[in-house]
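A.B. asks:
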Ligand code: ARG
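In structure tokens, the structure reads:
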């Protein structure tokens, strides 16, 4: 018999029974549900709302249920609709009448809100620790490749020389923002909805500060209607996860390009790439492609949640049961992607020679050539025009700037001197960019130190 059967004269239609039930997916909240119930029972006992012995009996019963679930001895039932009613029903079956007192001054509305928050809180910490590991790998790669010159692109056209270290630190900075976004999310959701009841609290002398404290929240939520209606924390999480995945997807796209024969800037470890069933020569970057592809799922979760929430009046509506699967899927996806992505980056080999070769072609030092003239006193716009003409000349004759003779240079501008060749060296171009945030060795070392300090502050 259903916990709410009293008002009804007919059994629920079996189609409705299945349709309404969430146990197939919210069973994963069992730990949070039991922790929330233990805190609630503790508070009820302390406040004299139920007898102390009754609270103890309930708590012991809940602990035993937890052990049995963990040991795989419990089967949940669709008839009991969700994790909350499954556990409550089980409790009463086990300890009898006292079990029926647990739901005093509580509703499934505040119950699900607290369970879900606690689950999200736990998984945010797991995700953060995974992204921190990825940061460590990026720092390691950057340290190894401070002098590995490669082309930097705009419009996917060779633009200006940079280093692999500078490139890795670009991603490290994006991921640092991802981590702080997740931390912000944790901070904002640090309020306990328990005690809000269905929407308007209750007439019992419940102590919401006590349950908040028992469950590790800083304080109870300030408004009970908001407490049971709010799913911002889930939306913020999926939004932060979407941005994180967007970064991983861009990074994946680069790795996929860099693995191609056209680039050959990196080679993936055999353990992190796959072959083709028909083409024997293939070594495919499937991991990067899957991360890029799975980004769509996480975006999908965010859009689902925003759409579910956009039109529902306060307070709880059953629509909100649809909040869990997208959040679970987004979390599962990210927690699957980040470690495999980290291992893939950790084990890839950087083809420093190909990178250097690519950086030597395509007039990547043209800006530096113009800057050379500016340092000799020309206005930048005139210098730009002169180098444009030089590049045009090179393209016609199949040359690079550094292969032109001094005579060729001087034919366009008499300002050129022997020292132009030094100015055009890739190493000079990179290390001359000593500006804060730039690719010179010293600048990138500062960027690495900044990320290391960030990691240090979060080292457990
Ligand atoms: N299974 C429900 C959910 O996930 C729990 C809350 C049900 N509350 C209610 N008033 N029907 O949202």
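Residue numbers (my numbering): 212 to 671. Glycine included, C-beta positions come from ideal geometry on N, C-alpha and C. The model shown is predicted, which means the values in this text are computed figures rather than measured ones.
1. State the Cα-Cα distance for the pair residue 563 and residue 546, rounded to the nearest angstrom.
2. Using the beta-carbon count (16 or more within 10 Å), is residue 642 buried or exposed?
3. Where does residue 528 fall in DSSP's three states?
4. Would residue 527 be called buried (16 or more neighbouring beta carbons within 10 Å of its own) or exposed?
5. Considering only C-alpha positions, which residue in the set 616, 494, 447, 287 is nearest to residue 392?
6. Relative to the C-alpha of residue 396, which candidate in 366, 450, 276, 411 has its C-alpha closest?
7. Would you mind giving the Cβ-Cβ distance between residue 326 and residue 272, rounded to the nearest angstrom? I have them listed as a contact below 8 Å.
8. Tell me, which residues are paired with residue 369 by DSSP?
9. Once DSSP output is grouped into helix, strand and coil, what is the label at residue 402?
10. Between residue 502 and residue 456, what straight-line distance do the alpha-carbon atoms span, to the nearest angstrom?
11. Is there contact here, the segment 432-441 with the segment 397-415, by at least three beta-carbon pairs under 8 Å?
12. CB-CB under 8 Å to residue 672, same chain, minus the five flanking residues each way: which ones, in chain order?
13. Would you say residue 340 touches ligand 1, meaning its beta carbon is less than 7 Å from a heavy atom?
14. Report the CB separation of residue 519 from residue 540 in whole angstroms; it is logged as a contact under 8 Å.
15. For ligand 1, any of its heavy atoms closer than 7 Å to the Cβ of residue 312?
16. I want to check one thing, is the minimum distance from the CB of residue 319 to the heavy atoms of ligand 1 below 7 Å?
17. Tell whether a beta-carbon distance below 8 Å holds between residue 181 and residue 426.
18. Do residue 531 and ligand 1 come close, with the Cβ less than 7 Å from some heavy atom?
19. Skipping 5 residues on each side, what residues in its chain have a beta carbon closer than 6 Å to that of residue 677?
20. Report the rounded CA-to-CA distance for residue 226 versus residue 212, giving the unit in angstroms.
21. For residue 417, which option in 237, 220, 251 has the closest C-alpha, if you only look at C-alpha atoms?
22. Just the Cα atoms here: how many angstroms apart are residue 610 and residue 632?
23. Is residue 383 closer than 8 Å to residue 346 when the C-beta atoms are compared?
24. Cα-Cα, which of 574, 399, 281 is closest to residue 369?
25. State the Cα-Cα distance for the pair residue 236 and residue 403, rounded to the nearest angstrom.
26. Alpha carbon to alpha carbon, what distance is there between residue 525 and residue 406?
27. Would you say residue 365 and residue 655 are within 8 Å of each other, going by their C-beta atoms?
28. With DSSP as the reference, label residue 550 as helix, strand or coil.
29. With residue 509 as the anchor, note down where its alpha helix (DSSP H) starts and where it stops.
30. Tell me whether residue 330, by its Cβ, gets closer than 7 Å to a heavy atom of ligand 1.
C.D. replies: Let me lay it out:
1. Along the chain shown, read from residue 1 onward, the residue named residue 563 stands at position 352. Along the chain shown, read from residue 1 onward, the residue named residue 546 stands at position 335. When rounded, the distance between both Cα atoms is 31 Å.
2. Here residue 642 refers to the residue found at position 431 of the chain shown. Classification for residue 642: buried.
3. Position 317 of the chain shown, counted from the first residue, corresponds to residue 528. If DSSP states are grouped into helix, strand and coil, residue 528 belongs with coil.
4. Residue numbering aside, residue 527 sits at position 316 when the chain shown is read from its first letter. That one is buried.
5. In the chain shown, the residue the question calls residue 392 occupies position 181. Taking only the C-alpha atoms, the option nearest residue 392 is 447.
6. Walking along the chain shown from the start, residue 396 turns up at place 185. The shortest C-alpha separation from residue 396 is found at 450.
7. Position 115 of the chain shown, counted from the first residue, corresponds to residue 326. Position 61 of the chain shown, counted from the first residue, corresponds to residue 272. The pair is not a contact, with the Cβ atoms about 18 Å apart (cut-off 8 Å).
8. If you number the chain shown from 1, residue 369 lands on position 158. In the DSSP assignment, the residues bridged to residue 369 are 364.
9. Within the chain shown, the letter at position 191 stands for residue 402. Note: residue 402 maps to strand in three-state DSSP.
10. Residue mapping note: residue 502 aligns to position 291 of the chain shown, counting from 1. Residue mapping note: residue 456 aligns to position 245 of the chain shown, counting from 1. Straight-line Cα distance between these residues: approximately 8 Å.
11. yes
12. The chain is shown only over 212 to 671; residue 672 falls outside these bounds and no answer can be derived.
13. The residue you call residue 340 lines up with position 129 of the chain shown. No - ligand 1 has no heavy atom lying nearer than 7 Å to the Cβ of residue 340.
14. Position 308 of the chain shown holds residue 519. Position 329 of the chain shown holds residue 540. Wrong, their Cβ atoms sit about 14 Å apart, outside the cutoff.
15. The residue given as residue 312 occupies position 101 in the chain shown. Every heavy atom of ligand 1 is 7 Å or more from the Cβ of residue 312, so no.
16. As a first step, residue 319 is located in the chain shown; it is residue number 108 there, counting from the start. Answer for residue 319: yes, Cβ within range of ligand 1.
17. Summary: the structure shown does not reach residue 181, with the chain confined to residues 212 through 671, and so no result is reported for it.
18. Here the question's residue 531 lines up with position 320 in the chain shown. Yes, Cβ of residue 531 sits closer than 7 Å to a heavy atom of ligand 1.
19. Since the first and last residues shown for the chain are 212 and 671, residue 677 lies out of range.
20. Here residue 226 refers to the residue found at position 15 of the chain shown. Here residue 212 refers to the residue found at position 1 of the chain shown. Using only the alpha carbons, I get a separation of about 17 Å.
21. Against the chain shown, residue 417 aligns to sequence position 206. The candidate whose alpha carbon is nearest that of residue 417 is 251.
22. Looking up residue 610 in the chain shown gives position 399. Looking up residue 632 in the chain shown gives position 421. Those two C-alpha atoms are separated by around 14 Å.
23. Residue 346 sits at position 135 when you count from the first residue of the chain shown. Residue 383 sits at position 172 when you count from the first residue of the chain shown. Contact: yes.
24. In the chain shown, residue 369 corresponds to position 158, counting from 1. The shortest C-alpha separation from residue 369 is found at 574.
25. In the chain shown, counting from the first residue as 1, residue 236 sits at position 25. In the chain shown, counting from the first residue as 1, residue 403 sits at position 192. Residue 236 and residue 403: Cα-Cα distance of roughly 23 Å.
26. For this step, residue 406 is matched to residue 195 along the chain shown. For this step, residue 525 is matched to residue 314 along the chain shown. Distance between the alpha carbons of residue 406 and residue 525: 17 Å.
27. Within the chain shown, numbered from 1, the residue matching residue 365 stands at position 154. Within the chain shown, numbered from 1, the residue matching residue 655 stands at position 444. No. Outside cutoff.
28. As a working note, residue 550 is residue 339 in the chain shown. Three-state result, residue 550: helix.
29. Within the chain shown, residue 509 is the residue found at index 298, counting from 1. Start and end: 497-520.
30. Locating residue 330 in the chain shown gives position 119, counting from the first residue. Residue 330 Cβ: outside cutoff for every heavy atom of ligand 1.
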